[in-house]
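Asker: Once you've had a glance at the structure underneath, I'll fire off some questions.
Residue numbers (mature numbering (1 follows the signal peptide of the UniProt record, and there is no 0)): -18 to -1, 1 to 365.
Now the structure itself:
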């Protein structure tokens, strides 16, 4: 089997014709109602094989049907890639008991595989997985929490699908330790309900399949400015940003310009300069071609969710395009002043006139020939 599989891989990579073969097959699973299931299949061959997904119900009278992306009221999603080999993933959301059955991955690279009248020389190869959907157990949990200190949230499970091995709590990707209680009951204490502690808390019971429920801890938006003060140059584009880290997410964002302590709403696209982009817990106000006179000031962002609203203020300062030159011009001015001072100082410390010979200065030195002549004259006079 391994040698056959290796031959298929080498044949596919080398470009030679090779029949389709599986290198990964879907795995059977158990899931709860309202959960989702994902099956994965991977095949090789030359040319690269096509992959299809088929389903056959648990009833003996059911016949196999082909599944496609968007089937079953858009609960079925199929993703496939065909590069060096074929890979395909099928996922079914919001499972029901009727989704139990056999899911089959089929692969073929025969040119006539989809021909309506010709039978393919190489038939579709098949790999199957059984999906069993079990009724979701009853889990009673704490109603949603909106305020308080030392709040205890809890979950209690009845009729689990299998014996419970353990239980714990999750918040996002973080695992939280639960209180030591009975296997069918678990609780967790939140020291204070605030923006940091808000979110979705999942109580998880280690059963087959996993059983879980959700407790929602909600607060009104805690809005804050990404930068409390922003600077921009005239004619450039300025961007002001606000965020919120609280739960539930902000459902509506608004921006205002504060004029004489009165917030004036900013409409997206107004003046063809003001553009608002909001996604979940973030909003950006983009101001195109900043104006030195009109745009500086305070801007307020406001976020709203089902529990209330929150706001923050951002200060915008706009500088002239020549502002960057002032430091350079200042340095040039300082250098000119310094050079002028040095020049004046040097000028004053030099004499205004060159001294005459009668001013008591030393006489110019005579040449050696002149000195020798004077000496001879003195000797003749002496004789």
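Glycine included, C-beta positions come from ideal geometry on N, C-alpha and C.
(1) For residue 208, does the three-state DSSP call read helix, strand or coil?
(2) From this set, 211, 323 and 316, which residue's C-alpha is nearest residue 300's C-alpha?
(3) Alpha carbon to alpha carbon, how far is residue 260 from residue 291? Give it in angstroms, no decimals.
(4) At which residue ranges does the segment 247 to 278 contain complete beta strand (DSSP E) runs of 3 or more residues, listed in the order of the chain?
(5) Work out the CA separation of residue 216 and residue 231 for me, nearest whole Å.
(6) For residue 284, write down the residues that DSSP places opposite it in a beta bridge.
(7) Which class does residue -2 belong to by DSSP, given the choice of helix, strand or coil?
(8) Could you check what DSSP says for residue 191 in three-state terms: helix, strand or coil?
(9) Tell me whether residue 342 is buried or exposed, calling it buried when 16 or more other Cβ atoms sit within 10 Å of its Cβ.
(10) Verify whether the separation of the beta carbon atoms of residue 205 and residue 181 is less than 8 Å.
(11) By alpha-carbon positions, which one of 185, 288 and 279 ends up nearest to residue 295?
(12) Provide the residue span of the beta strand (DSSP E) that contains residue 173, from first to last.
(13) Rounded to the nearest angstrom, what separates residue 178 and residue 277 at their Cα positions?
(14) Pick from 247, 87 and 69: whose alpha carbon is nearest that of residue 283?
(15) Could you tell me the distance, in whole angstroms, from the CA atom of residue 257 to the CA atom of residue 269?
(16) Taking the alpha carbon of residue 274 as the reference point, which residue from 220, 5 and 42 has its own alpha carbon closest?
(17) Quick one: grab the DSSP three-state call for residue 183.
(18) If you compare alpha carbons, which of 6, 17 and 95 is closest to residue 29?
(19) Between residue 82 and residue 33, which are expected to be in contact by the criterion C-beta below 8 Å, what is the C-beta distance as a whole number of angstroms?
(20) Please report the straight-line C-alpha distance between residue 225 and residue 264, rounded to a whole angstrom.
(21) So residue 55 is in the alpha helix (DSSP H); what residue range does that whole segment cover?
(22) Exposed or buried, residue 1, counting other C-beta atoms within 10 Å across all chains shown (16 or more means buried)?
(23) How is residue 329 classed by DSSP in three states: helix, strand or coil?
(24) If distances are taken between C-alpha atoms only, which option among 145, 105, 116 and 170 comes closest to residue 157?
(25) Using 8 Å as the threshold, is the segment 141 to 154 in touch with the segment 36 to 45, meaning 3 or more CB pairs across them?
(26) Contact check, residue 93 vs residue 193 under 8 Å by CB: the rounded distance?
(27) State the Cα-Cα distance for the pair residue 121 and residue 17, rounded to the nearest angstrom.
(28) Residue 4: buried (16+ other C-beta within 10 angstroms of its C-beta) or exposed?
(29) Name the one or two DSSP bridge partners that residue 222 has.
(30) Reducing DSSP to helix, strand and coil, say where residue 201 ends up.
(31) Quick check on residue 303: buried or exposed, where buried means 16 or more other Cβ atoms within 10 Å of its Cβ?
(32) Determine the direct distance from the alpha carbon of residue 288 to that of residue 245, and round the result to whole angstroms.
(33) In its own chain, which residues sit with a C-beta less than 6 Å from the C-beta of residue -2, not counting the 5 before and 5 after it?
(34) If you measure between the beta carbons of residue 21 and residue 36, is that distance less than 8 Å?
(35) Helix, strand or coil for residue 301 per DSSP?
(36) List the residues that DSSP assigns as beta-bridge partners of residue 217.
Answerer: Reading it off the structure:
(1) The residue given as residue 208 occupies position 226 in the chain shown. Residue state, collapsed to three classes: coil.
(2) Here residue 300 refers to the residue found at position 318 of the chain shown. Looking at the Cα atoms, 211 is the closest of the given residues.
(3) What you label residue 291 is simply residue 309 of the chain shown in a count that begins at 1. What you label residue 260 is simply residue 278 of the chain shown in a count that begins at 1. Roughly 15 Å between the two C-alpha positions.
(4) 256 to 261 and 264 to 269
(5) Taking the first residue of the chain shown as position 1, residue 231 is located at position 249. Taking the first residue of the chain shown as position 1, residue 216 is located at position 234. Looking at the two C-alpha atoms, the distance is approximately 35 Å.
(6) As a first step, residue 284 is located in the chain shown; it is residue number 302 there, counting from the start. Beta-bridge pairing links residue 284 to 236 and 293.
(7) In the chain shown, the residue the question calls residue -2 occupies position 17. Three-state DSSP puts residue -2 in coil, outside helix and strand.
(8) Along the chain shown, one-based indexing puts residue 191 at 209. Looking at residue 191 - three-state DSSP - the assignment turns out to be coil, as it is neither helix nor strand.
(9) Along the chain shown, read from residue 1 onward, the residue named residue 342 stands at position 360. Low per-residue confidence applies at residue 342: pLDDT is 49, beneath 50, and the placement is therefore not dependable, though the value from the model is reported in the following sentence. Label assigned to residue 342: exposed.
(10) For the purposes of this step, residue 205 is taken as residue 223 along the chain shown, with counting starting at 1. For the purposes of this step, residue 181 is taken as residue 199 along the chain shown, with counting starting at 1. No.
(11) Mapped onto the chain shown, residue 295 falls at position 313. Of the candidates 185, 288 and 279, the one whose C-alpha sits nearest the C-alpha of residue 295 is 279.
(12) On the chain shown, residue 173 is found 191 positions in, with the first residue counted as 1. 167 to 174 is the extent of the beta strand (DSSP E) around residue 173.
(13) Indexing the chain shown from 1 puts residue 178 at position 196. Indexing the chain shown from 1 puts residue 277 at position 295. Roughly 34 Å between the two C-alpha positions.
(14) On the chain shown, residue 283 is found 301 positions in, with the first residue counted as 1. Nearest C-alpha to residue 283: 247.
(15) The residue labelled residue 257 in the question sits at position 275 within the chain shown. The residue labelled residue 269 in the question sits at position 287 within the chain shown. Distance between the alpha carbons of residue 257 and residue 269: 7 Å.
(16) The sequence position of residue 274 within the chain shown is 292, counting from 1. Minimum Cα distance to residue 274 is reached at 220.
(17) The sequence position of residue 183 within the chain shown is 201, counting from 1. Residue 183: strand per DSSP, three-state reduction.
(18) Within the chain shown, the letter at position 47 stands for residue 29. For residue 29, the nearest C-alpha among the options comes from 95.
(19) Within the chain shown, the letter at position 100 stands for residue 82. Within the chain shown, the letter at position 51 stands for residue 33. At roughly 23 Å, the Cβ-Cβ gap does not stay under 8 Å, so residue 82 and residue 33 are not in contact.
(20) Locating residue 225 in the chain shown gives position 243, where the first residue counts as 1. Locating residue 264 in the chain shown gives position 282, where the first residue counts as 1. For residue 225 and residue 264, the distance between alpha carbons rounds to 4 Å.
(21) Counting from 1 along the chain shown, the entry for residue 55 is found at position 73. Counting along the chain, the alpha helix (DSSP H) containing residue 55 begins and ends at 53 to 56.
(22) As a working note, residue 1 is residue 19 in the chain shown. Under this definition residue 1 is a buried residue.
(23) Translated into the one-based positions of the chain shown, residue 329 becomes position 347. Looking at residue 329 - three-state DSSP - the assignment turns out to be helix.
(24) One-based indexing of the chain shown puts residue 157 at position 175. Comparing Cα-Cα distances from residue 157 to each of 145, 105, 116 and 170, the minimum goes to 170.
(25) no
(26) To locate residue 93, count along the chain shown from 1; it is residue 111. To locate residue 193, count along the chain shown from 1; it is residue 211. 48 Å between Cβ atoms; not a contact.
(27) Counting from 1 along the chain shown, the entry for residue 121 is found at position 139. Counting from 1 along the chain shown, the entry for residue 17 is found at position 35. Whole-angstrom Cα-Cα distance: 15 Å.
(28) What you label residue 4 is simply residue 22 of the chain shown in a count that begins at 1. Label assigned to residue 4: buried.
(29) For the purposes of this step, residue 222 is taken as residue 240 along the chain shown, with counting starting at 1. According to DSSP, which records beta bridges pairwise, residue 222 is partnered with 267.
(30) Position 219 of the chain shown holds residue 201. Three-state DSSP puts residue 201 in coil, outside helix and strand.
(31) Along the chain shown, read from residue 1 onward, the residue named residue 303 stands at position 321. Answer is exposed; the Cβ neighbour count stays below 16.
(32) Position 263 of the chain shown, counted from the start, is the residue given in the question as residue 245. Position 306 of the chain shown, counted from the start, is the residue given in the question as residue 288. Cα to Cα, residue 245 sits roughly 23 Å from residue 288.
(33) Mapped onto the chain shown, residue -2 falls at position 17. Only 28 meet the Cβ criterion.
(34) Here residue 21 refers to the residue found at position 39 when the chain shown is read from its first residue. Here residue 36 refers to the residue found at position 54 when the chain shown is read from its first residue. No, the Cβ-Cβ distance between residue 21 and residue 36 is not below 8 Å.
(35) Here residue 301 refers to the residue found at position 319 when the chain shown is read from its first residue. Note: residue 301 maps to strand in three-state DSSP.
(36) Residue numbering aside, residue 217 sits at position 235 when the chain shown is read from its first letter. Looking at the DSSP assignment, residue 217 forms no beta bridge with any residue, so it has no partner.
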